[in-house]
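Everything on this sheet refers to the single structure shown next.
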Amino acid sequence: MNKLILARLAAVFTAGVLTACGVTGKSGKNEDFPETTTAEAEPVMMSAQAVKDLSALSSEKHGYGQGVQVDEKNRTTGALDFNRTYGKFNATALNEDTEKITLTFDQGYENGYTSGILDTLKEKNVKAVFFLVQDYAERNPELVRRMIDEGHTVANHSVHHYSMPTLTPETARSEILDFHEYMKKNFGVEMNLFRPPMGEFSEQSLAVTSDCGYRTMLWSFAYADWDTDDQADPAQSLEKLKNAAHPGAIYLLHSVSATNAQILPDLIDAIRADGFEFY
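Using mature numbering (1 follows the signal peptide of the UniProt record, and there is no 0), the letters of the sequence shown correspond one by one to residues -20 to -1, 1 to 259.
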């Protein structure tokens, strides 16, 4: 890669770097959590030079998984490896500069459990990140408004839930910014966290995300909770999730899971009992 391309990419990534972990909603702002702010400026489309520079990066598709190996702090080594390899693209799978744990929920569709999850988070005084697809926001405005009003972060999971590395840079950018504009227009917030659908990415797609002013957030722990027809045993799931706690953990949970909704109060209590705190 020539020096011009390296210089251009360094400028893009430096400009896009956000502090780990700040929430803004109507309820106020927490400086330690990923921030959702009210937007003012219109996003700038990629220049021909930017597209050219991004095209120099690898478009090879990777599927993320945190794995089962852990270090001496119980942090999954897959998440740490991702940070080391792709942190230059303003991407993270684990927050290494904090002891606190982040709960995140992917919101592909509504299955009746989100309201109860929000009730639990409010009762336990925990803030979470909700990764929305546009269809979810369109169909469930009252839940999205509640997330914002109660101080949670609403984050971007794309318009259509396509695999980002299979798209051209311009199409990938539209998947992020079209939804960004929808949320700004209809809810008055500007999102700045993105989770690529299915955890699939390439160097190029991560760079496009950063060029949009977003930080990619993956996860350092997830488990098989998404199949509504094959829900895990609540007691076993609670033990698995509790035992996975580690400094800076980013938990991926799916709000369509009956098990997650059921065990969430006990999970928060159990992790706090082990000495951790949430946002």
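Yeah, the Cβ is synthetic: ideal placement off N, Cα and C, and Gly gets one too. Everything numeric in this text was worked out from a predicted model, so none of it was measured.
The three-state reading of DSSP puts Arg153 in helix, counting H, G and I together.
In the pairwise beta carbon analysis, the stretch 104 to 121 is classified as touching the stretch 155 to 167: at least three pairs are separated by under 8 Å.
Taking all protein chains shown into account, Arg64 has fewer than 16 neighbouring C-beta atoms within 10 Å of its C-beta and is therefore exposed. By the C-beta criterion, the stretch 194 to 206 is judged to be in contact with the stretch 73 to 89, since at least 3 inter-stretch pairs fall below 8 Å. Beta-bridge pairing by DSSP links Gly43 to Glu180.
Taking the C-beta atoms as reference points, Ala59 is found nearer than 9 Å to Ile230. Just so you know, the alpha carbons of Glu103 and Val50 end up roughly 32 Å apart. Here the C-alpha atom of Thr94 lies approximately 11 Å from the C-alpha atom of Asp86. Around the CB of Asn223, fewer than 16 other CB atoms lie within 10 Å, so the residue is classed as exposed. Scanning Pro149, Glu155, Val188, Thr84 for the CA closest to the CA of Val236 turns up Thr84. Shown here, His140 sits in coil according to DSSP, grouped into three states, outside any helix or strand.
Residue nearest to Thr148 within the set Thr189, His137, Asn136 is Thr189 (criterion: CA-CA distance).
When DSSP states are grouped into helix, strand and coil, Asp254 belongs to the coil group.
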